[in-house]
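Read through the structure below, which is laid out as structure tokens, and then see the notes.
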Amino acid sequence: MNRDPDLRGIVAAAVNLSAAGNNEEALRLLESAGREGLAHPVVRNLAGDIYLKLGRKRDALRAFDTAVRNAPDYPEAHGNRGVALQQLGRIEEAVAAFDRALKLRPAYAVAHFNRGNALRDLHRNGDAIAAYGRAIAIEPRLAEARVNRGRVLLADGSAGPALDDFGHALRLRPHYREAEIGRMEALRDLARFRETIEAADRLLLREPDSALALSLKALALLRLRNRAEALAVAEELVRRHPEDAIAHWTRSAALRELIRFEEALAEATEAAGLAPRAPEPQLAIAAAHGGLGDYEAQLAALARAEKLGAAWRDTAGGRAGALANLGRGAEADALSEKLLAAFPDDPMLAYNRADRLLQKGDYRAGFAAYESRLAPGGQSYGRFEEMAPRWRGEGLAGKRLLVHGEQGLGDNIQFARFLPRLAGSGANIVLEVARPLRRLLAPLAAGMTITDGVGTRSFDAQVSIVSLAHRFDATVETLPPAPYLAAEPELAAKWRDRIGDDGFRIGIVWQGNVAFAADRFRSLPLALFAPLAALPGVRLVSLQAIHGLDQLDRLPAGMAVERLGPETADPADGFSEIAGAMAALDLVVSIDSSVAHLAGALGRPVWTLLRAQPEWRWIEGRTDTPWYSSMRLFRQKELGNWEPVIAGVVQALEEQLAARG
3 MNRDPDLRGI
13 VAAAVNLSAA
23 GNNEEALRLL
33 ESAGREGLAH
43 PVVRNLAGDI
53 YLKLGRKRDA
63 LRAFDTAVRN
73 APDYPEAHGN
83 RGVALQQLGR
93 IEEAVAAFDR
103 ALKLRPAYAV
113 AHFNRGNALR
123 DLHRNGDAIA
133 AYGRAIAIEP
143 RLAEARVNRG
153 RVLLADGSAG
163 PALDDFGHAL
173 RLRPHYREAE
183 IGRMEALRDL
193 ARFRETIEAA
203 DRLLLREPDS
213 ALALSLKALA
223 LLRLRNRAEA
233 LAVAEELVRR
243 HPEDAIAHWT
253 RSAALRELIR
263 FEEALAEATE
273 AAGLAPRAPE
283 PQLAIAAAHG
293 GLGDYEAQLA
303 ALARAEKLGA
313 AWRDTAGGRA
323 GALANLGRGA
333 EADALSEKLL
343 AAFPDDPMLA
353 YNRADRLLQK
363 GDYRAGFAAY
373 ESRLAPGGQS
383 YGRFEEMAPR
393 WRGEGLAGKR
403 LLVHGEQGLG
413 DNIQFARFLP
423 RLAGSGANIV
433 LEVARPLRRL
443 LAPLAAGMTI
453 TDGVGTRSFD
463 AQVSIVSLAH
473 RFDATVETLP
483 PAPYLAAEPE
493 LAAKWRDRIG
503 DDGFRIGIVW
513 QGNVAFAADR
523 FRSLPLALFA
533 PLAALPGVRL
543 VSLQAIHGLD
553 QLDRLPAGMA
563 VERLGPETAD
573 PADGFSEIAG
583 AMAALDLVVS
593 IDSSVAHLAG
603 ALGRPVWTLL
613 RAQPEWRWIE
623 GRTDTPWYSS
633 MRLFRQKELG
643 NWEPVIAGVV
653 QALEEQLAAR
663 G
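Each residue of the sequence shown is one higher than the one before, counting from 3 in our numbering.
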């Protein structure tokens, strides 16, 4: 008896039931097809598909096995069998099943798509991208293939093509959530942070609780240096999703940017408890340990992240930094070179390489690589890069050039030595620097307009004051020498009268700007200067401004430090006042601070106290510096241990005092 008409009816009814979500009822209907029907390839293929919807992966595989055994040339059954194998973690077998389906039907878009998914799981990203491409060529409206290809492209560092795929998917299917999330991540990787925030806000209008959108918005705000707002978004994320690991490691990132490393570590640890098999919390733990200066713990967390599947790219950079900070420079350099060879367009990797080149005194190559900080996504990318094209050394006659300050006040003092080289360029030059530097740098900027804000003025070109070293091809041997600044005669005379000429007068600085992430390592307690104060005839004079002044109120018994008063503490022209005071001092002893740079730029004797593994500007292993001929460097051997450094300063001071008689 011919049962085909009944079988067709059963199959059609089961398809409709499954489409309506009645999968158990659909299976019962298929079981009513009898022994002959249950062996039919179409019935078994449909049953396998329904089993997959119910999460019964092994039952699904058995059904597909029956289908392909009874119909070896049935491409859909081979393709679906591949999906079941993939879900069971048998990825290589899944690829073979998809290959069989495609041999039977080369223009099978869904099989190409699923094959791409399996190849992605095998980390064969190039092959996966090609498979998705074939699926799209056959079925251009297959939005899922666009999204998945975009994901793989992102993982391979190709954010531009990924963005194209996510955008195309959204044109095919507006409000496609996975495409919206992918587009945000691509915009983030392209350093288009404002667009990232706009995209996140659009999704949040529909899904106010979207953890991924809130996280991406917070991280984009951090890259735009809107730290307080970023923390507020992260706090909202934690409030809405207290059990979601992504919320806690996002808050950890915001806390790190606010130099609250202990809290950042606690948040990252909370995230790890919520998602013990996810690598991201371990990366956050590593970053917090790095901020705290516990580099061995940082390496351990990075190793855990790798075991949990973190990409080598995401761990190697942190490992290179930790190795360098542990004094294992050769290992750090080798790893950095390997990273940069693999990802030559990554600005942060180039920045790290520049740091090492400059530490070793290779200024020509180092300053060229240091320009990477200004690339989108780089350390110092900001509004000036969007305001006008960067000056790259071309002729300036008749043009408007903006020279803008960058990084800390000390950096601007250090690189201001290059300003006179712009004289005679024929340009109309505006120098934008922080207000406390305007009066101090005015003599160097003769003929320039000096301001602490340019608003929306238009320029033909712009350049960071730090980039002048690269633009003028500076090397250790060709740095413009110090002194290049001078105290104003009236201010010098005023401070000589006020300070007097009794004793050996030492200006001291113990605290830097607490907003600098590494300040906890470069600053030291004022009380540690007590052995200097105890030397006969020595007078300690505070050159401290703004931060750390409270320590003057709790000095150890018998220790005296003279105060210069409000003129140097935080006035608009405080640096000019400090420069005048230095003219009345015999020596300056300072941490790595803007005051140390000022003393060196003035040619005043200055002893600078450096933390272990200091910034690139102090060439490793040297006690002198090509930047300032009057500066002597005293280096830590162990991070955080200042006592031996102070002991070395005391010994050197005793020798100098003895030589003076």
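Just so you know, even glycine gets a beta-carbon here, dropped at the ideal spot from N, CA and C.
Residue 480 sits in coil when the DSSP states are folded into three classes, being neither helix nor strand.
Sequence-distant partners of residue 501 (beyond 5 residues in either direction) whose C-beta falls short of 6 Å from its own C-beta, in its chain, are 586. Per the DSSP secondary-structure output, residue 463 pairs in a beta bridge with 403. In this structure residue 525 is buried. Its beta-carbon is surrounded by 16 or more other beta-carbon atoms within 10 angstroms. With a threshold of 16 other beta carbon atoms within 10 Å, residue 478 falls short and is exposed. For residue 544, the beta-bridge partners assigned by DSSP are 510.
Nearest in C-alpha terms to residue 446, of all of 458, 415, 177 and 473, is 415. For the alpha helix (DSSP H) assignment, the uninterrupted runs of no fewer than 4 residues enclosed by the region 3-38 are, from N- to C-terminal side, 6-21 and 25-33.
Rounded to the nearest angstrom, the gap between the Cα atoms of residue 132 and residue 104 is 14 Å.
Around the C-beta of residue 34, fewer than 16 other C-beta atoms lie within 10 Å, and the residue is accordingly described as exposed. Assignment of residue 186 by DSSP, reduced to helix, strand and coil, places it in the helix class. As the crow flies, the alpha-carbon of residue 238 is around 28 Å from that of residue 378. Uninterrupted alpha helix (DSSP H) stretches at least 4 residues long and entirely within the region 309-353 occur at 314-327 and 331-344, given in chain order. Counted as a single uninterrupted DSSP element, the beta strand (DSSP E) harbouring residue 452 occupies residues 451-453. Pairing residue 424 with residue 404, the inter-Cα distance amounts to about 12 Å. Across the structure, residue 211 and residue 200 are spaced so that their CA atoms are roughly 16 Å apart. DSSP, reduced to helix, strand and coil, places residue 561 outside both helices and strands of the structure shown, so it counts as coil. A direct Cα-Cα distance of roughly 5 Å separates residue 463 from residue 390. In this structure, residue 50 sits away from residue 73, with a CB-CB distance that is not shorter than 8 Å.
Beta-bridge pairing by DSSP links residue 591 to 510 and 609.
According to the DSSP secondary-structure assignment, residue 432 is paired through a beta bridge with 404 and 451.
With respect to the 8 Å criterion, residue 255 and residue 205 are not classified as neighbours on the basis of their beta carbons.
Annotated as distal: residue 165 and residue 148, with beta-carbon spacing of 8 Å or more. Take the alpha-carbon of residue 418 and the one of residue 505: they are about 33 Å apart.
Distance between residue 318 and residue 305, taken at the CA atoms: about 10 Å. Per the coordinates, the alpha-carbon of residue 175 lies some 20 Å from the alpha-carbon of residue 156.
For residue 631, the CB contacts under 7 Å within the same chain, skipping 5 residues up- and downstream, are 483 and 484 in chain order.
Residue 99 is not a Cβ neighbour of residue 118, given a cutoff of 8 Å.
In this structure, the CA atom of residue 113 is about 52 Å from the CA atom of residue 393. Residue environment analysis places residue 46 among the buried positions, since at least 16 neighbouring C-beta atoms fall within 10 angstroms of its C-beta.
DSSP places residue 577 inside the alpha helix (DSSP H), whose first and last residues are 576-584. Beta-carbon to beta-carbon, residue 56 and residue 25 are separated by about 5 Å, close enough to satisfy the 8 Å threshold. The beta-carbon separation of residue 537 and residue 656, rounded to 7 Å, stays under the 8 Å limit for a contact.
Apart from the 5 residues on each side of it in sequence, residue 178 sits with its Cβ closer than 8 Å to the Cβ of 145, 149, 171 and 172 in its chain, given in chain order. In this structure, the straight-line span from the alpha carbon of residue 294 to that of residue 264 is close to 8 Å.
The continuous alpha helix (DSSP H) containing residue 439 extends over residues 437-443.
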